[in-house]
Amino acid sequence: QSIGCDDYLGSDKVIDKCGICGGDNTACKVVSGVFKHTLTNLGYHKIVEIPEGATKINITEMSKSNNYLALRSRSGRSIINGNWAIDRPGRYEGGGTMFTYKRPNEISSTAGESFLADGPTNEVLDVYMIHQQPNPGIHYEYIIPGDNVISPQLLAHRRPGEPLNGQLGMTESTNQEDEDLHRETDTLTGQSAGTFPVIQPGRFPSHQPENQVPAMQPPRQNREYNWKQIGKTECTTTCGKGSQYPVFHCVNRITHEEVSDSYCDSSTKPIPEEEPCNLFPCPAFWDIGEWSECSKTCGLGMQHRQILCRQIYANRTLTVQQYRCHHLEKPETTSTCQLKICSEWQIRTEWTSCSVPCGVGQRTRDVKCVSNLGDIVDDEECNMKLRPNDIENCDMGPCAKSWFLTEWSDRCSAECGDGVRTRSVVCMTNHVSSLPLEGCGNNRPSETTPCSNGPCAGKVEWFAGGWTQCSTECGSGTQQREVICIRKSEGNFDVLNPYECSYLEKPPSQQSCYLKPCGSKWFHTEWSTCSKSCEGGFRVREVRCLSDDMTASTQCDTQLKPEEKETCNTQDCIPEIDENCKDKYYNCNVVVQARLCVYSYYKTACCASCTRVANRQTGFLGHR
4 QSIGCDDYLG SDKVIDKCGI CGGDNTACKV VSGVFKHTLT NLGYHKIVEI
54 PEGATKINIT EMSKSNNYLA LRSRSGRSII NGNWAIDRPG RYEGGGTMFT
104 YKRPNEISST AGESFLADGP TNEVLDVYMI HQQPNPGIHY EYIIPGDNVI
154 SPQLLAHRRP GEPLNGQLGM TESTNQEDED LHRETDTLTG QSAGTFPVIQ
204 PGRFPSHQPE NQVPAMQPPR QNREYNWKQI GKTECTTTCG KGSQYPVFHC
254 VNRITHEEVS DSYCDSSTKP IPEEEPCNLF PCPAFWDIGE WSECSKTCGL
304 GMQHRQILCR QIYANRTLTV QQYRCHHLEK PETTSTCQLK ICSEWQIRTE
354 WTSCSVPCGV GQRTRDVKCV SNLGDIVDDE ECNMKLRPND IENCDMGPCA
404 KSWFLTEWSD RCSAECGDGV RTRSVVCMTN HVSSLPLEGC GNNRPSETTP
454 CSNGPCAGKV EWFAGGWTQC STECGSGTQQ REVICIRKSE GNFDVLNPYE
504 CSYLEKPPSQ QSCYLKPCGS KWFHTEWSTC SKSCEGGFRV REVRCLSDDM
554 TASTQCDTQL KPEEKETCNT QDCIPEIDEN CKDKYYNCNV VVQARLCVYS
604 YYKTACCASC TRVANRQTGF LGHR
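So the sequence shown is residues 4 to 627, counted in the numbering used here.
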C-alpha cells in the first residue's frame with residue numbers, strides 16, 4: 004500500500020497546487036496575464052512584480068526576439084541579466100528560491116526566453132525586459148496563498164487531529180505582544196506578515212498529558228571505546244569555496260585502533276558539520292555564447308556572439324571585469340559566415356523575332372535563376388532587383404491593311420428560285436509596301452451575292468422541300484429549303500396562306516452545313532489603281548495562302564494562284580483639245596523639226612504642235 008502526504012499507510016491524500024496535504028486548491032489563487040505594451044525607448048522596462056510567498060513562477064516570452072528578460076530583488080540586487088550583462092542559461096538563486104533561466108537555441112527554435120521557479124519567494128522580486136525590438140508579448144503566471152491560510156510547510160508535516168505546535172488554531176493578534184511575536188516570526192522564517200502566519204516550534208509550549216510515562220534511557224555502552232575524528236571528506240570543489248565534512252570512526256580509547264562502529268554508542272556519535280574549504284576564488288574564464296544567425300541567407304555574411312568574463316565562487320557563476328581574463332586569449336566576437344553560394348541570373352536565349360510584322364509588338368528571351376551547381380531554381384533564390392528583362396516592345400513600323408477575299412462560290416444556295424453565293428472576307432495587314440494602300444475602313448466587301456436557278460415548280464402543305472446544296476464546297480456554309488402550307492386534293496395540292504398552318508410547328512427553312520475542311524485557299528486584295536491612265540500601265544494586288552484559321556500556309560496549289568500583277572489602260576492617249584492652244588500655220592511641223600519651239604513666238608504660233616512634242620519628251624524621259 005502507498006503512503007499519503009499525511010504519512011498514513013493506505014492514504015490517498017496528495018499535496019494540492021497550494022502545497023496543502025489533502026487540499027482542494029481553494030487556499031490559493033493563480034495570478035496570470037500578458038504584458039503587451041508597446042515600448043519605444045531602449046533599455047530596462049519593468050514588466051511585473053512577483054510578491055513575497057509566490058510559488059510556481061513562470062515568466063515566458065511568447066516568441067523569439069532580440070529582447071532579454073531580467074530579474075532583480077526589491078533591494079536592488081541583480082539576479083539575472085543585470086547591469087547590461089547577459090547571463091548564460093542556467094540556474095540562479097534569488098528571493099529564497101532557485102530560478103531556471105532558459106534561452107532556446109537562437110537558430111533552430113522560435114521559442115522565447117523564460118524564468119521558472121517553484122518558490123516560495125521570501126521577498127518581492129521585479130521582472131524587467133531589456134527592450135531592443137518590438138515586444139512580442141510576455142506571459143507571466145504565479146500562485147499566491149489566499150487570505151487566512153496556514154503555512155503549507157506546517158500542514159504538510161502535521162497528522163490529522165494533531166495540534167499545530169500545541170495550538171488547535173490561531174486567532175488574530177489582539178495585543179502588542181502578539182504583534183511583536185508575529186514580526187519576530189516573520190523575520191526568522193523570511194515570510195511576509197499577513198501572507199500566511201507561521202508559528203515557530205517552542206514559542207508556545209506543547210500540551211503534555213499528566214499521566215505520560217517517561218521514556219526509558221538507553222543503557223550506557225562500554226567506555227572502553229569512543230568516537231574519534233580520523234579525517235575529512237574530500238572538498239566538493241577545487242576552488243571557489245566548497246564544503247567538506249569530518250569523518251568519525253569508533254576507536255579503542257587506549258590503542259586508538261579502529262574497530263567496528265557497533266562497539267561505540269551510536270547516540271553519542273558527533274553529527275558531522277559542514278566546513279568550508281578551498282576558499283580561494285577560481286580563475287576567471289571566458290564564457291562563450293552561441294553564434295547568432297548569419298546576416299545573409301546566401302553569400303558572405305556576418306554573425307556575432309557574446310563573450311563574458313566569468314568567475315565561479317560559492318557555486319555561483321558571476322560576471323566580473325574583463326581584466327581578470329587578460330591571462331587568456333579572448334575569443335572572437337564576430338565571424339564571417341556563408342550558408343550557401345548565392346544563385347545568379349543567366350540569359351539562356353537570344354531575343355526572339357518581333358511578334359508582329361508591322362506596328363508595335365513584343366519580343367522575348369529566356370532568363371533563368373541558376374544555382375552554383377548549375378540547376379534552375381525558383382526566381383526568389385536570385386536578387387529580383389538585378390533580374391534582366393525577358394520581354395520588351397519592338398516597333399516594326401506602321402501597318403497598312405486591306406480587305407482579303409476569296410472567289411465567289413460556284414454553287415447557288417437554292418436549286419430553284421432565289422439563292423445566294425458566298426465568299427470569305429478578312430481584313431489583314433498588307434505587305435505590299437510600294438502601294439499607297441489605306442486601312443480597311445468601314446467599306447467591308449459583301450460576303451454574299453444573289454443568284455437564281457430559275458423558278459421552282461410543284462410547290463407543295465406545311466411541306467418542306469429538300470435541302471439545297473451547301474453554299475460552299477468546304478468550310479462553313481448554309482443550306483436552304485422551301486417550306487409552304489398546302490392542302491392535298493385529288494391528284495393535286497392547293498397552296499394556302501401560311502396562317503392556315505400557324506397552329507403547326509413550322510420546319511426550319513435554313514440550316515448551317517459543313518462538308519469538309521477547306522484546308523488552305525488563296526486570298527487576294529482588290530487591284531490597286533493603274534499606274535497609267537493610257538498607253539499601257541500596270542496594277543498589283545497581294546495574294547496570300549491562308550488556312551482555315553486564317554493563318555499563313557504553304558499548302559495552296561500554286562497552279563491556282565491568282566495573278567499578282569496585270570497590265571491596264573492599254574488604249575492610246577487622246578490629247579485634249581485646248582481652244583486657246585491651236586496651230587496658226589499649216590506648216591508647224593517644220594517649226595517642230597527645226598526645234599524652234601524654244602522661242603516664245605513659235606511656241607505661241609504653233610502652240611498645239613509644240614505642246615504635243617513637249618508631252619512626248621516628258622513621257623520618254625520618265626521611262627528612262
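Every residue gets a Cβ at the ideal spot worked out from N, C-alpha and C, and that includes glycine.
Original post:
Can you list, in chain order, the stretches of the beta strand (DSSP E) that have 3 or more residues and sit fully within the stretch 375-428?
Top reply: Counting only runs of 3+ residues, the beta strand (DSSP E) found wholly inside the stretch 375-428 occupies 394-398, 403-408 and 421-425, in chain order.
Original post:
What first and last residue would you give for the beta strand (DSSP E) that runs through T103?
Top reply: Looking at the DSSP string, the run of the beta strand (DSSP E) that includes T103 is T100 to K105.
Original post:
For the beta strand (DSSP E) that contains K371, what are its first and last residues?
Top reply: Per DSSP, K371 belongs to the beta strand (DSSP E) from V370 to V373.
Subject >> Per-residue DSSP class, three states only, for D15 >> reply: D15: coil per DSSP, three-state reduction.
Original post:
By a C-beta neighbour count over all protein chains shown, 10 Å radius and 16 as the cutoff for buried, is I394 buried or exposed?
Top reply: It is exposed - the Cβ of I394 has fewer than 16 other Cβ atoms within 10 Å.
Subject >> Neighbourhood of G478 by C-beta, 6 Å cutoff - its chain only, sequence neighbours within 5 removed >> reply: Once the five neighbours on either side are set aside, the close Cβ partners of G478 are C521.
Original post:
Name the DSSP bridge partner or partners of D129?
Top reply: Answer is E52 and R75, bridged to D129.
Subject >> 3 or more residues per run - each beta strand (DSSP E) lying fully within the stretch 477-502 >> reply: Whole beta strand (DSSP E) segments, 3+ residues: 479-483, 489-492 and 495-498.
Original post:
What is the DSSP secondary structure of Y604, reduced to helix, strand or coil?
Top reply: In the structure shown, the three-state DSSP call for Y604 is helix.
Subject >> Of the residues T451, P123 and T300, the one placed nearest P148, counting alpha carbons only >> reply: Checked all of T451, P123 and T300; the closest Cα to P148 is P123.
Original post:
Could you give the distance in angstroms between the alpha-carbon of C571 and the alpha-carbon of S534?
Top reply: Approximately 8 Å between the Cα atoms of the pair.
Original post:
Would you call the stretch 6-13 and the stretch 82-91 touching, i.e. three or more CB-CB distances under 8 Å?
Top reply: Taking 8 Å as the limit for Cβ pairs, the verdict is that the stretch 82-91 does not touch the stretch 6-13.
**OP:** Could you check how far apart the C-beta atoms of Y248 and P279 are, in whole angstroms? I think they sit under 8 Å.
**Re:** Not quite, the Cβ-Cβ distance comes to about 11 Å (not below 8 Å), so this is no contact.
**OP:** Decide if T43 is buried, meaning its Cβ has at least 16 other Cβ atoms within 10 Å, or exposed.
**Re:** Label assigned to T43: exposed.
**OP:** Kindly indicate the opening and closing residues of the alpha helix (DSSP H) around V594.
**Re:** Element bounds for V594: C591 to Q596.
Subject >> Identity of the residue in A114, Y517, R80 and S374 nearest E64 by Cα >> reply: Residue A114 is the option with its Cα nearest to E64.
Subject >> Close Cβ partners of S556 (< 7 Å) along its chain, the five nearest in sequence each way excluded >> reply: So the qualifying residues of the chain are S523, C548, L549 and S550.
Original post:
Taking C-alpha atoms, which residue in M553, T337 and E96 lies nearest to A317?
Top reply: Comparing Cα-Cα distances from A317 to each of M553, T337 and E96, the minimum goes to E96.
Subject >> Exposure of A597, with buried meaning 16 or more beta-carbon neighbours within 10 Å >> reply: Result: exposed.
Subject >> Where Y95 sits in the DSSP three-state scheme >> reply: In the structure shown, Y95 falls within a strand segment according to DSSP collapsed to helix, strand and coil.
Subject >> Nearest-angstrom beta carbon gap, S338 and Q306 [assumed within contact, 8 Å] >> reply: By a beta-carbon distance limit of 8 Å, Q306 contacts S338. Their separation comes to about 6 Å.
**OP:** Helix, strand or coil for C248, going by three-state DSSP, please let me know.
**Re:** Here the sequence assigns Tyr to residue 248, which means Cys is not the residue at that position. Residue state, collapsed to three classes: coil.
**OP:** Check each candidate in S474, T607, E332 and S76 and name the one with the smallest Cα separation from E582.
**Re:** Nearest to E582 by C-alpha distance, out of S474, T607, E332 and S76, is T607.
Subject >> K564 to E545 span [Cα, whole Å] >> reply: Taking the straight line from one Cα to the other gives about 11 Å.
Original post:
Using CA coordinates, which residue listed in S603, I233, S612 and A617 is at the minimum distance from Y588?
Top reply: Taking Y588 as reference, the option from S603, I233, S612 and A617 with the minimal CA-CA separation is S612.
Original post:
Quick one: any contact between the stretch 256-272 and the stretch 240-247, if contact means 3 or more CB pairs under 8 Å?
Top reply: At 8 Å Cβ cutoff, the stretches do not touch.
Original post:
Any idea if V254 is buried or exposed, counting beta-carbon neighbours within 10 angstroms, 16 or more meaning buried?
Top reply: So V254 ends up on the buried side.
**OP:** Rank E144, Q620 and W525 by C-alpha distance to the C-alpha of Q562 and give the top, closest one.
**Re:** Answer by Cα proximity: W525.
Original post:
Taking C-alpha atoms, which residue in H330, C345 and E55 lies nearest to E145?
Top reply: First, the amino acid is wrong: residue 145 is Tyr here, not Glu. Each of H330, C345 and E55 was checked against the Cα of Y145, and the nearest Cα belongs to E55.
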